[in-house]
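For reference, the structure is listed below as structure tokens.
In my numbering, the protein residues as written are 638 to 752.
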């Protein structure tokens, strides 16, 4: 089992920055890919960014050039640096980890971009 706990969400003005963190615990050995997803009100959960165990990254087009995903091994702490935030980035952000074919999710952290 893998437990994921996100932190770092909050209220920020348009153009501002936030850094999300996701701490993994439990059976963290051999965690494979990790990623950030978000879900806005009335919408489905969508990919924001992913990072492989070899640090290959993938981003949604809407966040390219503004967000940066990173991870620190072997603790498997995941980060999402979000710059130039826009109101449309408002959502609950979830951390995801994959290990031996199983998928684990955190409880989510709210990000609100508003003036």
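Cβ coordinates follow ideal geometry from the N, Cα and C atoms, glycine included.
Taking all protein chains shown into account, decide if residue i is buried (16 or more other Cβ within 10 angstroms of its Cβ) or exposed.
i: residue 710; result: exposed
i: residue 740; result: exposed
i: residue 663; result: exposed
i: residue 728; result: buried
i: residue 717; result: buried
i: residue 656; result: exposed
i: residue 715; result: buried
Using the Cα positions of residue i and residue j, report the straight-line distance between them to the nearest angstrom.
i: residue 692; j: residue 720; result: 20 Å
i: residue 752; j: residue 650; result: 5 Å
i: residue 773; j: residue 701; result: As displayed, the chain neither begins before 638 nor continues past 752, which places residue 773 out of reach and without an answer.
i: residue 642; j: residue 681; result: 21 Å
i: residue 736; j: residue 705; result: 22 Å
Report the CB separation of residue i from residue j in whole angstroms; it is logged as a contact under 8 Å.
i: residue 687; j: residue 670; result: 6 Å
Which of helix, strand or coil does DSSP assign to residue i?
i: residue 643; result: strand
Apart from the five residues on each side of it in sequence, which residues of its chain come closer than 6 Å, Cβ to Cβ, to residue i?
i: residue 696; result: 686
i: residue 726; result: 750
i: residue 646; result: 746, 747 and 748
Take residue i and list the residues in its own chain whose beta-carbon comes closer than 8 Å to its own, dropping the five residues that flank it on each side.
i: residue 713; result: 661, 665, 668, 671 and 734
i: residue 653; result: 722 and 750
For residue i, which residues in the same chain have their Cβ closer than 7 Å to its Cβ, ignoring the five residues on either side in sequence?
i: residue 743; result: 641, 642, 643, 659, 731 and 732
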